[in-house]
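Before any comments, here is the structure.
Protein chains: 2
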Amino acid sequence: MATSNPSFMNGVPELLVLRLLWGREMYGYEIVQAIREETGDVVSLGEGVVYPVLHALERSGAITSERRPVGGRSRIYYALSPKGAARLTELTELWSKITGAVQQVLVGGGRAGLV
Amino acid sequence: MATSNPSFMNGVPELLVLRLLWGREMYGYEIVQAIREETGDVVSLGEGVVYPVLHALERSGAITSERRPVGGRSRIYYALSPKGAARLTELTELWSKITGAVQQVLVGGGRAGLV
DNA sequence: TTGCATACCTCGTAGTTCTAGGCATTATAC
DNA sequence: GTATAATGCCTAGAACTACGAGGTATGCAA
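As structure tokens, then:
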């Protein structure tokens, strides 16, 4: 209810997951850590965020999964499908467009500066 | 469910409204149009988004309001308070941090390019 | 007097992230 | 040997947010 922090995170999990899967296969737990590392801990998505995203992406045909036993453990590796690649392109362009438009307002306008 | 487009708009309305009010007073209807114009129609927030944001910001003390009759009509002008200015700084920094982190993932990583 | 632009407002819905848990196996530390 | 952390998967519920649809009222032009 509070006036709390807008986290600017809408759609970001899907975008990041797709981007990470672009070129190499990865499993869920690995993706969670990769996001943390590659963003320098700025973005830190829990497993409760990443796994549902993966399942939704698989349902929509954007990624495919394959269970593999590794060192006695079982991992589910995900790979980007052509559909997922298209979705990635689409989202990346949208991201660029939106952030560019916001930046325009932040920089431009009446006074100059603050950014 | 998961079909749809993430709009990347989380928290953006609050940020844009605060930024527009930085330096000049504006009224709701004017803000709606300003966002449309300054973003080149990339971001188009309806009145159903802007007015609730304004009310929430006023409740939290980030902006103050003053009703003024203009040409027979009544407008409610909003002005940024010190608290709102601080909030704007905070949000701007967070925005910069998040988008920077996402950009890092989009650009960096295994392959190069796509952005 | 019919329509359009201005100017305000609220409610309900939908879509998302997040927290907080739970389960099971393996490696590490004491 | 036994507790603890790390790996690796999962779901359910709450909380938040943007959005569309709809409502009221005034002024101005055709």
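Residue numbers (numbering that gives the first Met the number 0), protein chains in the order written: chain B, 0 to 114; chain Z, 0 to 114.
Glycine residues also receive a C-beta, built at the ideal position from the N, C-alpha and C atoms.
Note that the coordinates shown come from a computational prediction; the quantities given were computed from them, not determined experimentally.
Should residue i be labelled buried (16 or more other beta-carbon atoms within 10 Å of its own) or exposed?
{"i": "R67/Z", "result": "exposed"}
{"i": "P12/Z", "result": "buried"}
{"i": "G83/B", "result": "buried"}
{"i": "E37/B", "result": "buried"}
{"i": "T2/Z", "result": "For T2/Z, the pLDDT reaches just 37, beneath the cut-off of 50, and the residue's location in the model is therefore unreliable, leaving the point undetermined."}
{"i": "M0/B", "result": "With a pLDDT of only 27 at M0/B, under the threshold of 50, the placement of this residue in the model should not be trusted; the figure read from the coordinates follows. Under this definition M0/B is an exposed residue."}
{"i": "G10/B", "result": "buried"}
{"i": "G99/Z", "result": "exposed"}
{"i": "V106/B", "result": "exposed"}
{"i": "V69/Z", "result": "exposed"}
{"i": "L15/Z", "result": "buried"}
{"i": "R72/B", "result": "exposed"}
{"i": "R23/B", "result": "exposed"}
{"i": "R86/Z", "result": "buried"}
{"i": "G112/Z", "result": "At G112/Z, the pLDDT of 49 sits below 50, so the modelled position is not reliable; the number obtained from the coordinates is stated separately. Burial call: exposed."}
{"i": "F7/B", "result": "buried"}
{"i": "S95/B", "result": "exposed"}
From the DSSP output, read off the bridge partner residues of residue i.
{"i": "T63/Z", "result": "A78/Z"}
{"i": "R73/B", "result": "The sequence as given places Ser at residue 73/B; Arg does not occur at that position. The partner list for S73/B (beta bridge, DSSP) reads P68/B."}
Determine, using beta carbons only, whether residue i and residue j come nearer to each other than 8 Å.
{"i": "V104/Z", "j": "I97/B", "result": "no"}
{"i": "Y76/Z", "j": "E65/Z", "result": "yes"}
{"i": "G27/Z", "j": "L44/Z", "result": "no"}
{"i": "L20/B", "j": "A78/B", "result": "yes"}
{"i": "L17/B", "j": "A61/B", "result": "yes"}
{"i": "T63/Z", "j": "S80/Z", "result": "yes"}
{"i": "I30/Z", "j": "V48/Z", "result": "no"}
Legend entry - alpha helix (DSSP H) runs wholly inside the region 4–37 of chain B, at least 4 long, in chain order: 11–19, 27–37
Inset, instruction - For the region 88–107 of chain Z, enumerate the residues whose C-beta is nearer than 9 Å to any C-beta of chain B, in chain order. - result: T88, E89, L90, T91, L93, W94, S95, K96, I97, T98, G99, A100, V101, Q102, Q103, V104, L105, G107
Legend entry - Near-chain Z residues of the region 25–46 of chain B (beta-carbon distance less than 8 Å), N- to C-terminal order: I34, E37, T38, G39, V41, V42
Legend entry - Near-chain B residues of the region 5–26 of chain Z (beta-carbon distance less than 9 Å), N- to C-terminal order: P5, S6, F7, M8, N9, G10, V11, P12, E13, L14, L15, R18, L19, W21, G22, R23
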